[in-house]
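Asks: Quick one: the structure is below, and I'll ask about it shortly.
Shown next as structure tokens:
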């Protein structure tokens, strides 16, 4: 019998190079943890997309494309939320100056920030103690028990997205 | 999963069957393949995405660039066989109505 409370928050932290080749491994880690939570594939894809876009922004904008810098990614999750924190040691980019494009203006680029805001419940950029950026994104979830009861007795994975 | 691109000639048309993730790491390779096809003014370029497990904004930017390139000379860029999750990313960006998206490769070659 577990001695931990049901709302115990689990955490994974990885430190990786600011190199796009490591993002596939990060996506696998996220998918494995969302499997633990029993999230639907659609919700997992959204979280994975937001994190990929955020890390791509760190590489492009905070590190100017340099691949040998440090990014720390912390995943915290409990019954009703999934949080991702990304710390970098690069140049702080004021979120007010970051502007995605209008969706109607179809052209390459400018979608990353739009995706992050669209798929996560909250997105917050802060200048951190190292002069870089700490990005915190949270996805609120329906607790599995309430998702199951609202789903009734129908088969399949209960919807957990709020 | 690392991206792979397989080329298949259909007369003057070209099918690129893509496998794996199309993201910031891999999209430059796909962009290179598409640029060659656009420069050759292929009448139709079909991108078979049945093997694509993930696409991000870099991948979408690559496809938008190719779409604009083919439109520039009156050619066509058609996508086919998108998984539900990949199609979901197109929908998030409202791009599902911008691209010609077919259910099968055969349909895409005739769209």
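Protein chains in written order, with the numbering used here: chain A, -5 to 156; chain B, 48 to 158.
By construction, the Cβ of each residue, glycine as well, lies at the ideal position given by its N, Cα and C atoms.
1. Using a Cβ-Cβ cut-off of less than 9 Å, list which residues of the segment 36 to 59 of chain A approach chain B; keep chain order.
2. What are the residues in the segment 54 to 78 of chain B lying within 9 Å of chain A by C-beta distance?
3. Leaving out five residues before and five after residue 64 of chain B in sequence, what residues of the same chain have Cβ atoms less than 6 Å from its Cβ?
4. Looking only at DSSP bridge pairs, what is residue 9 of chain A linked to?
5. Apply the 10 Å Cβ neighbour rule to residue 148 of chain A and answer buried if 16 or more other Cβ atoms are within range, or exposed otherwise.
6. Should the segment 99 to 114 of chain B be regarded as contacting the segment 123 to 138 of chain B, the criterion being three or more beta carbon pairs within less than 8 Å?
7. Can you list the residues of chain A that residue 179 of chain B reaches, using a CB-CB cut of under 8 Å?
8. For residue 131 of chain A, which of helix, strand or coil comes out of DSSP?
9. Quick check on residue 130 of chain B: does DSSP put it in helix, strand or coil?
10. Comparing the C-beta of residue 106 of chain A with each C-beta of chain B, is any distance below 7 Å?
11. Since residue 158 of chain B and residue 147 of chain B are thought to touch, with beta carbons under 8 Å apart, how far apart are those beta carbons, to the nearest angstrom?
Replies: Reading from the atomic positions:
1. Those would be 36, 38, 39, 40, 42, 43, 46, 47, 49, 50, 53, 54, in chain order.
2. Cβ contacts with chain A: 67, 68, 70, 71, 72, 73.
3. Translated into the one-based positions of the second chain, residue 64 of chain B becomes position 17. Spatial neighbours of residue 64 of chain B in its own chain (CB-CB distance under 6 Å, excluding positions within 5 residues in sequence) are listed in chain order as 53, 95.
4. Taking the first residue of the first chain as position 1, residue 9 of chain A is located at position 15. DSSP output for residue 9 of chain A lists A:66 as bridge partner(s).
5. The residue given as residue 148 of chain A occupies position 154 in the first chain. Model confidence at residue 148 of chain A stands at a pLDDT of 46, short of 50, so the residue's coordinates are unreliable; what they give is reported in the following sentence. Residue 148 of chain A is classed as exposed because its beta carbon has fewer than 16 other beta carbons within 10 Å across all chains shown.
6. Yes, the segment 99 to 114 of chain B touches the segment 123 to 138 of chain B.
7. Absent from the structure is residue 179 of chain B, since the part of chain B shown begins at 48 and ends at 158.
8. Start at 1 with the first residue of the first chain, and residue 131 of chain A comes out as number 137. Here residue 131 of chain A sits in strand by DSSP.
9. As a position in the second chain, residue 130 of chain B is number 83, starting the count at 1. Note: residue 130 of chain B maps to coil in three-state DSSP.
10. The residue labelled residue 106 of chain A in the question sits at position 112 within the first chain. For residue 106 of chain A, the answer is yes, since a Cβ of chain B falls inside 7 Å of its Cβ.
11. Along the second chain, one-based indexing puts residue 158 of chain B at 111. Along the second chain, one-based indexing puts residue 147 of chain B at 100. Sure, about 5 Å apart at Cβ, within 8 Å.
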